[in-house]
Amino acid sequence: MISKIRRDAINVLKTFGYKLHKGLAILADEEEACTKPKWAYLFAYYIPEANIEKCQEVVCKDPY
């Protein structure tokens, strides 16, 4: 049981949501950011070098 929890804890560090929340997201994470509208918006907001047009396409699919 403990080994499963440790294995899962290591995998959390690799998720885009975790990277974005902790300020670890980099430009190379843009493809993953553009899978969900909320992430695309936050990526474009926090990463200055983000491709705004690409993120905007995804964000406009869900205006909320």
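Last residue of the sequence shown: 64 in the numbering used here, with the numbers rising by one and none dropped.
Think of the CB as a built atom: it goes at the ideal place given N, C-alpha and C, for glycine as much as any other residue.
Model, not experiment: these values are computed from the prediction.
Listed in chain order, the beta strand (DSSP E) runs fully inside the segment 29-60 amount to none, counting runs of at least 3 residues.
By alpha-carbon distance to Y41, the top candidate from A28, C60 and L27 is C60. Just measuring C-alpha positions, the residue of K38, A50 and Y45 sitting nearest V58 is K38. Boundaries cannot be given for K14, as no alpha helix (DSSP H) includes it and DSSP labels it neither H nor E. Listed in chain order, the non-local C-beta contacts of D62 below 6 Å within the same chain comprise P37, local neighbours out to five positions each way being set aside.
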